[in-house]
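Taken in sequence, the protein lines are chains A and B.
Okay, so the first sequence: first residue is 1 according to the numbering used here, each after it adds one.
Okay, so the second sequence: first residue is 133 according to the numbering used here, each after it adds one.
Have a look at the structure below, then the notes.
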Amino acid sequence: MSFFRLIAVGLLLLAAAGCRGQAITPTPAEKLSIEMAVEPDPARVGEAALIVTLTGANGQPVDGAKIGARGDMSHAGMAPVLAEAEGGQDGRYRIPFEWTMSGDWFVELTITLPDGSTMTQRFDVSVSGAGS
Amino acid sequence: MTGPHKERAVTHTRLDVLRLPLIGLLRRRWGRLALQIPLLAAAVLLVIDGFTGPQMAARNLATVAPWVHFRGFVVLVLLLAGNLFCMGCPFTLPRTLAKRLSIRGRRFPRRLRNKWVAIASLFLLFVTYEALDLWASPALTAWLIVAYFAASFVLEAVFTESAFCKYVCPLGTFNFVYSTISPTQIGIHDPEVCRACVGKECINGSYSPTPLVRLDDIPGGQCEVRHGPEGTPGCGTLLFAPQIESNLDCTMCLDCARACPHNNVGLFVRQPGRELLRPEAWPKRWDVSLLAISLAALGLVNAFGMVPPVYELQRALIKTLGIQSEWLMIGLIFGVGGLLLPFALALLAGALSRALARKKLSLRHTVAAFAPAFVPLGFGIWFAHYGFHFLIAPLTIIPVIQEFLGQPGDWAAFSSTADAVLIGLVQGAGLVLGFLWSLALANRTAARLYRRDAVPGLLPWALLLLALAFAAGYVFSLPMEMRGSLLMG
Ligand code: SF4
Ligand code: SF4
Ligand SMILES: [Cu+2]
């Protein structure tokens with residue numbers, strides 16, 4: 001039976017190894033409102049763009065931010081689509097993007113303001129087939 | 133039919149891979165663990181990530197590893213080597229423990245000793261998979277893995293044989309059916325030795341509560357056989373090594389090779405799919421025949437669940453039948469497309485084939501004779517589907533592991549996908565070769581059964597195979613989608 005004890009110990013070690021490292025917690029950008037639209041709308045497979053609008057607490061447009069976009073499908077098995085934009089004009093940022101398969105997508109935007117504070121927000125997008 | 137002295141037909145070459153260096157280690161007492169421990173470790177990591185990791189399917193080990201990589205590997209390994217995933221199955225590890233708790237258990241109920249339960253559990257797995265969108269949910273996939281361990285443990289603790297593997301496990305059933313095309317098979321070296329062997333330890337095992345020694349008069353001299361508390365179990369799925377002609381039900385656990393006191397059992401290289409050519413290899417039972425046929429159809433329906441027409445079908449079902457329950461709708465699609473329709477068409481093809489060839493062979497025997505012909509095409513369909521998912525993002529497992537270990541995942545570096553043309557070629561090759569292989573098998577069966585009437589006798593089966601292949605070709609020509617359920621979306 002000592003053999004099974006060995007397995008048990010091994011499993012415990014594995015469990016310990018499995019404890020994940022601390023994720024980096026972003027410093028939140030205060031009261032920034034993030035809106036995202038897609039082009040074309042409704043989204044369909046192929047070249048696309050994400051239109052992100054950043055508005056500050058007093059309703060003023062926020063320029064000069066850096067936006068990282070990451071698109072994942074709701075299902076496992078697709079590589080993510082990564083894109084970036086910087087600068088912005090009147091709070092509007094255009095991020096060239098591509099929908100690589102039709103289905104349900106999550107788009108995660110990570111916004112870094114000029115002062116270094118960051119914020120992430122997730123949007124759900126449903127993408128239809130190329131033909132429709 | 134097989135009298136004790138009838139020369140057995142050769143079902144394999146003389147090459148026993150267990151006599152090769154290194155692979156031979158698998159035969160050792162704990163040899164199987166070399167595969168099981170890594171897979172057990174993997175299963176534990178998957179469960180940890182599934183429960184504690186990010187609930188995003190594309191970034192969680194619990195969803196990426198089994199639904200993308202594992203499935204892709206399984207079909208490839210079955211094709212190139214054999215049923216190594218049953219051999220390395222981690223679910224049987226706690227089972228070994230359970231076995232020790234219940235040396236004197238009960239047999240599995242006689243009425244359930246067939247493949248009907250396995251067909252039902254395959255159906256249930258596919259329906260659950262679709263209805264719960266398992267591959268979109270790390271936590272639910274982790275629960276599925278836990279449920280697997282629990283079911284295997286409980287069944288093993290209660291019954292004497294490996295009831296879970298032989299009668300219940302849907303993954304095992306998949307592996308059993310498609311390992312019939314594999315290039316390896318358990319067999320024996322010398323039939324004379326088996327004839328002289330008294331204890332038949334390959335099936336009975338060499339366990340006994342008190343030590344016991346016996347002398348066997350085998351060709352080449354007397355041989356001492358020891359039984360005792362340290363003995364090894366015999367075949368858990370109740371196969372008798374000298375009579376094995378098929379990989380059906382063989383988990384490649386190698387217990388037979390370990391238990392045989394005369395070192396007479398081997399894992400032999402054979403012509404791939406050899407058994408599908410041999411009329412005696414499979415039992416002539418409805419459950420076995422319909423399993424092989426419906427698993428091909430289930431492969432088609434599983435792929436169909438990912439292309440646009442399925443959403444139209446669902447919408448139509450809601451409109452015409454007023455179905456509200458997602459489970460009911462998916463159960464209906466899989467039940468009709470994957471079970472009822474193939475059962476009915478197989479019966480129809482069998483009846484037509486009998487009528488056209490004017491041969492008085494029973495319907496059951498006719499269907500059983502042609503059922504093996506559905507294995508290569510069925511395999512081709514699964515291969516095309518799983519191959520697609522595997523090739524579309526083969527390396528994303530790397531950043532998923534990086535993130536699991538608490539590091540930033542290097543997604544940009546490992547996001548490459550195989551060329552679309554290549555994926556199409558792989559899928560097309562799987563389907564076309566599978567179909568041609570299937571057709572050749574059906575053709576041989578018809579020639580054997582019907583002789584001069586072979587062509588009319590083959591016709592219904594050939595048409596059925598062709599229809600299946602065309603339907604699969606159509607499904608794979610459509611763009612795949614990955615959506616949640618229509619009702620919930
Ligand atoms: S395989 Fe081994 S144990 Fe089984 S009958 Fe032959 S000699 Fe006996
Ligand atoms: S003991 Fe049975 S299941 Fe295991 S390898 Fe031998 S024949 Fe196959
Ligand atoms: Cu798919």
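No residue lacks a Cβ here, since even glycine has one placed at the ideal position from N, Cα and C.
Min CB distance residue i to chain A below 7 Å
| i | result |
| --- | --- |
| Arg615 of chain B | yes |
| Pro351 of chain B | no |
| His521 of chain B | yes |
| Ser314 of chain B | no |
| Thr224 of chain B | no |
| Val627 of chain B | The question about residue 627 of chain B has no answer here: the residues shown for chain B are numbered 133 through 621. |
| Pro440 of chain B | yes |
| Trp514 of chain B | no |
| Val200 of chain B | yes |
| Ala268 of chain B | yes |
| Thr305 of chain B | no |
| Val207 of chain B | no |
Limits of the unbroken beta strand (DSSP E) element including residue i
| i | result |
| --- | --- |
| His359 of chain B | Gly353 to His359 |
| Gly68 of chain A | Ala65 to Met73 |
| Thr110 of chain A | Ser102 to Thr112 |
| Thr53 of chain A | Gly46 to Thr55 |
| Met188 of chain B | Note, Met188 of chain B: premise wrong, no beta strand (DSSP E); not H, not E. |
| Ser33 of chain A | Ser33 to Glu39 |
| Ile350 of chain B | Leu344 to Ile350 |
Where residue i falls, given that 16 or more other Cβ within 10 Å makes a residue buried
| i | result |
| --- | --- |
| Ser609 of chain B | exposed |
| Asp72 of chain A | buried |
| Asn192 of chain B | buried |
| Ala252 of chain B | exposed |
| Ala448 of chain B | exposed |
| Tyr518 of chain B | buried |
| Asp265 of chain B | buried |
| Asn58 of chain A | exposed |
| Pro40 of chain A | exposed |
| Trp459 of chain B | exposed |
| Phe515 of chain B | buried |
| Glu535 of chain B | buried |
| Glu262 of chain B | buried |
| Pro351 of chain B | exposed |
| Ser421 of chain B | buried |
| Gly116 of chain A | exposed |
| Val309 of chain B | buried |
| Thr273 of chain B | buried |
| Leu432 of chain B | buried |
Amino acids of chain A, ordered along the chain, whose beta-carbon sits closer than 9 Å to that of residue i
| i | result |
| --- | --- |
| Ala175 of chain B | The contacting residues do not exist; Ala175 of chain B stays about 10 Å from chain A at best. |
| Thr528 of chain B | Ala76, Gly77, Met78, Ala79 and Pro80 |
Unbroken alpha helix (DSSP H) run spanning residue i, endpoints
| i | result |
| --- | --- |
| Met612 of chain B | It is not in any alpha helix (DSSP H) - Met612 of chain B carries neither H nor E in the DSSP assignment. |
| Met461 of chain B | Glu458 to Phe466 |
| Thr118 of chain A | Where Thr118 of chain A is concerned, there is no enclosing alpha helix (DSSP H), although the beta strand (DSSP E) it sits in stretches over Thr118 to Val127. |
| Trp267 of chain B | Run containing Trp267 of chain B: none; DSSP gives neither H nor E here. |
| Ile180 of chain B | Leu165 to Thr184 |
| Trp514 of chain B | Phe506 to Ile524 |
| Trp418 of chain B | Trp418 to Phe436 |
| Ile155 of chain B | Where Ile155 of chain B is concerned, there is no enclosing alpha helix (DSSP H), given that its DSSP letter is neither H nor E. |
| Val558 of chain B | Ala552 to Tyr582 |
Minimum Cβ-Cβ distance from residue i to chain B less than 7 Å
| i | result |
| --- | --- |
| Met78 of chain A | yes |
| Met73 of chain A | yes |
| Gly129 of chain A | yes |
| Pro42 of chain A | no |
Contacts of residue i in chain B (Cβ-Cβ under 7 Å)
| i | result |
| --- | --- |
| Gly103 of chain A | Glu613, Met614 and Arg615 |
Proximal residues of chain A, C-beta to C-beta of residue i below 7 Å
| i | result |
| --- | --- |
| Trp275 of chain B | Residues of chain A passing the Cβ test: none, with the nearest at roughly 16 Å. |
| Ala525 of chain B | Gly77, Met78 and Ala79 |
| Ala544 of chain B | Leu82 |
| Ser547 of chain B | Ala79 and Pro80 |
| Thr195 of chain B | Ala76 |
Beta-carbon neighbours of residue i, restricted to chain B and to distances below 9 Å
| i | result |
| --- | --- |
| Phe106 of chain A | Met188 and Ala190 |
Which complete beta strand (DSSP E) runs does the stretch 293-320 of chain B hold, if anything under 3 residues is left out? 316-320
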